[in-house]
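2 protein chains.
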Amino acid sequence: MNRKTKAKYEARAAIIKALAHPTRLFIVDHLAKEKTCVCILSKMVGADMSTVSRHLSILKSVGIIEDEKVGPQVFYHLKVPCVLNFFGCVEAVMKSNAEAQMELVR
Amino acid sequence: MNRKTKAKYEARAAIIKALAHPTRLFIVDHLAKEKTCVCILSKMVGADMSTVSRHLSILKSVGIIEDEKVGPQVFYHLKVPCVLNFFGCVEAVMKSNAEAQMELVR
DNA sequence: TGCTTATTTGGTTATATTGCCAAATAGACA
DNA sequence: TGTCTATTTGGCAATATAACCAAATAAGCA
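In the order they appear, the protein sequences are chains A and B. Under our numbering, the first residue of the first sequence carries the number 1, and numbering increases by one thereafter. Under our numbering, the first residue of the second sequence carries the number 107, and numbering increases by one thereafter.
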């Protein structure tokens with residue numbers, strides 16, 4: 001694998017890695033529905049605000065979400081909706097696994 | 107976030123996490139084109155065979171790839187082709203970021 | 001059986017991630 | 001200005017990941 005190819009896969013992996021966490025997936029899913037501030041997300045997720053803030057900064061740093069300051073609050077929203085398509089395929093993988101399990105039981 | 111919701115996002119994250127590594131992305135990309143044994147992949151990637159073997163086991167454990175033993179070799183192939191769709195969106199994110207950069211320069 | 005090749009697994013070390021608390025920063029408003 | 005709220009950042013401890021080498025396993029063949 002040459003330098004350029006390697007750089008390409010590293011760049012891709014960085015974006016996918018940002019999505020590879022349950023809390024961040026939940027956040028992305030929710031931000032697709034509505035702009036939300038950190039404090040609300042923190043309550044929904046059930047984690048410290050500092051923790052949620054870091055999750056948001058990870059998603060923002062790779063360009064998946066955007067922030068918007070409104071007074072003392074920061075509202076985040078989904079910038080690239082196509083990431084939602086990921087879920088469809090992920091469900092397909094899960095379904096395929098479940099079916100394989102069923103085969104064994106039957 | 108209740109127990110069931112949490113479990114759902116954890117299951118999804120596990121699958122995405124398996125893809126969140128440059129070497130594994132390269133492997134998935136290549137296995138989409140042709141069945142390949144560990145030894146060849148190891149050379150292509152430029153990493154120890156044991157390292158590649160572990161990457162493959164991670165992808166296999168979440169059901170993205172499948173293995174097939176042929177004599178002393180083990181050939182792997184892509185089981186769920188829709189993961190390739192991920193790349194399209196990932197490129198879109200990268201493009202969106204690049205355009206934002208261009209805006210700043212212009 | 002004994003040898004060779006392909007692969008996996010155990011062990012170890014280095015690095016990265018995660019989550020919380022506490023402290024710093026930023027904006028709104030009295 | 002001082003205070004309050006929302007958010008981010010520094011520091012730390014616990015855990016997870018990644019890579020390599022070496023050893024174990026599995027399959028084919030002399």
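Idealized CB from N, CA, C, for every residue including glycine. If you're wondering where the values come from, they're calculated on a predicted model, not measured in any experiment.
Tell me ALA207 of chain B's beta-bridge partners as DSSP assigns them.
-> Here residue 207 of chain B is taken as the residue at index 101 of the second sequence, counted from 1. According to the sequence as given, residue 207 of chain B is Gln; it is not Ala. Residue pairing by DSSP leaves GLN207 of chain B without any beta bridge partner.
Anything in chain B within Cβ reach of TYR76 of chain A, meaning under 7 Å, just list it in chain order.
-> Counting from one through the first sequence, the residue named residue 76 of chain A turns up at place 76. Simply none; closest approach about 16 Å.
PHE193 of chain B versus ARG12 of chain A: straight-line alpha-carbon distance, rounded | Position 87 of the second sequence, counted from the start, is the residue given in the question as residue 193 of chain B. Position 12 of the first sequence, counted from the start, is the residue given in the question as residue 12 of chain A. Rounded to the nearest angstrom, the two C-alpha atoms are 8 Å apart.
Proximal residues of chain A, C-beta to C-beta of ALA186 of chain B below 9 Å | The residue given as residue 186 of chain B occupies position 80 in the second sequence. Per the sequence shown, residue 186 of chain B should be read as Val rather than Ala. The answer, in chain order, is CYS89, ALA92, VAL93, SER96.
Kindly indicate which three-state DSSP category ASP67 of chain A falls into: helix, strand or coil?
-> The count along the first sequence starts at 1 and reaches residue 67 of chain A at position 67. DSSP, read as helix, strand or coil, puts ASP67 of chain A in strand.
Locate the alpha helix (DSSP H) running through VAL45 of chain A, then write down its first and last residues.
-> Position 45 of the first sequence, counted from the start, is the residue given in the question as residue 45 of chain A. 38 to 45 is the extent of the alpha helix (DSSP H) around VAL45 of chain A.
Which value, in whole angstroms, describes the spacing of the CA atoms of GLU195 of chain B and LEU84 of chain A?
-> Taking the first residue of the second sequence as 1, we reach residue 195 of chain B at position 89. Taking the first residue of the first sequence as 1, we reach residue 84 of chain A at position 84. The question names Glu, but residue 195 of chain B is Cys in the sequence shown. Inter-residue distance for CYS195 of chain B and LEU84 of chain A is about 9 Å (C-alpha atoms, whole angstroms).
Taking only the alpha-carbon atoms, compute the straight-line gap between MET204 of chain B and VAL62 of chain A and give it to the nearest angstrom.
-> What you label residue 204 of chain B is simply residue 98 of the second sequence in a count that begins at 1. What you label residue 62 of chain A is simply residue 62 of the first sequence in a count that begins at 1. In the sequence on display, residue 204 of chain B carries Ala and not Met. ALA204 of chain B and VAL62 of chain A: Cα-Cα distance of roughly 11 Å.
Contact check, ILE171 of chain B vs LYS185 of chain B, beta carbons under 8 Å | Residue numbering aside, residue 171 of chain B sits at position 65 when the second sequence is read from its first letter. Residue numbering aside, residue 185 of chain B sits at position 79 when the second sequence is read from its first letter. Between ILE171 of chain B and LYS185 of chain B, the C-beta spacing is below 8 Å.
Simplified DSSP assignment, three categories, for VAL180 of chain B = As a first step, residue 180 of chain B must be located in the second sequence, where it is residue number 74. Assignment of VAL180 of chain B by DSSP, reduced to helix, strand and coil, places it in the strand class.
Would you tell me roughly how many angstroms separate the C-alpha atoms of GLU119 of chain A and SER202 of chain B, rounded to the nearest one?
-> Because chain A here runs from 1 to 106, residue 119 of chain A falls outside it and cannot be looked at.
Through-space distance from TYR115 of chain B to CYS188 of chain B, alpha-carbon basis = Along the second sequence, read from residue 1 onward, the residue named residue 188 of chain B stands at position 82. Along the second sequence, read from residue 1 onward, the residue named residue 115 of chain B stands at position 9. Between CYS188 of chain B and TYR115 of chain B, the C-alpha separation is close to 19 Å.
Contact check, VAL158 of chain B vs VAL144 of chain B under 8 Å by CB: the rounded distance?
-> Reading the second sequence from its first residue, position 52 is the one you call residue 158 of chain B. Reading the second sequence from its first residue, position 38 is the one you call residue 144 of chain B. The C-beta distance from VAL158 of chain B to VAL144 of chain B rounds to 6 Å, short enough to fall under 8 Å.
Anything in chain A within Cβ reach of HIS161 of chain B, meaning under 9 Å, just list it in chain order.
-> Along the second sequence, one-based indexing puts residue 161 of chain B at 55. Residues of chain A passing the Cβ test: none, with the nearest at roughly 12 Å.
Quick one: list the residues of chain A neighbouring MET208 of chain B, beta-carbon separation under 8 Å, in chain order.
-> Within the second sequence, numbered from 1, the residue matching residue 208 of chain B stands at position 102. Residues of chain A passing the Cβ test: none, with the nearest at roughly 13 Å.
Are ALA14 of chain A and LYS123 of chain B closer than 8 Å when you measure CB to CB?
-> Against the first sequence, residue 14 of chain A aligns to sequence position 14. Against the second sequence, residue 123 of chain B aligns to sequence position 17. No. Outside cutoff.
Hey, does ARG3 of chain A have any beta-carbon neighbour from chain B nearer than 8 Å?
-> As a working note, residue 3 of chain A is residue 3 in the first sequence. Answer no: the Cβ-Cβ gap between ARG3 of chain A and chain B never drops below 8 Å.
Grab me the residues of MET155 of chain B's own chain with a C-beta within less than 8 Å of its C-beta, minus the 5 sequence neighbours each way, in chain order.
-> Locating residue 155 of chain B in the second sequence gives position 49, counting from the first residue. If the five residues before and after MET155 of chain B are omitted, its C-beta is found closer than 8 Å to the C-beta atoms of VAL144, CYS145, SER148, all from its own chain and listed in chain order.
Please name the residue, chosen from B:LEU165, B:GLU197, B:GLY177, B:ARG160, that lies closest to HIS183 of chain B on a Cα-to-Cα basis.
-> Walking along the second sequence from the start, residue 183 of chain B turns up at place 77. Cα-wise, what sits closest to HIS183 of chain B is B:LEU165.
Contact set between the segment 134 to 155 of chain B and chain A, restricted to residues whose Cβ is under 7 Å from the partner | Listed by position, the residues of the segment 134 to 155 of chain B near chain A (Cβ gap below 7 Å) are MET150, VAL151, GLY152.
Neighbour flag for ILE58 of chain A against chain B, beta carbons, 8 Å | By 1-based counting over the first sequence, the position of residue 58 of chain A is 58. No, no contact with chain B.
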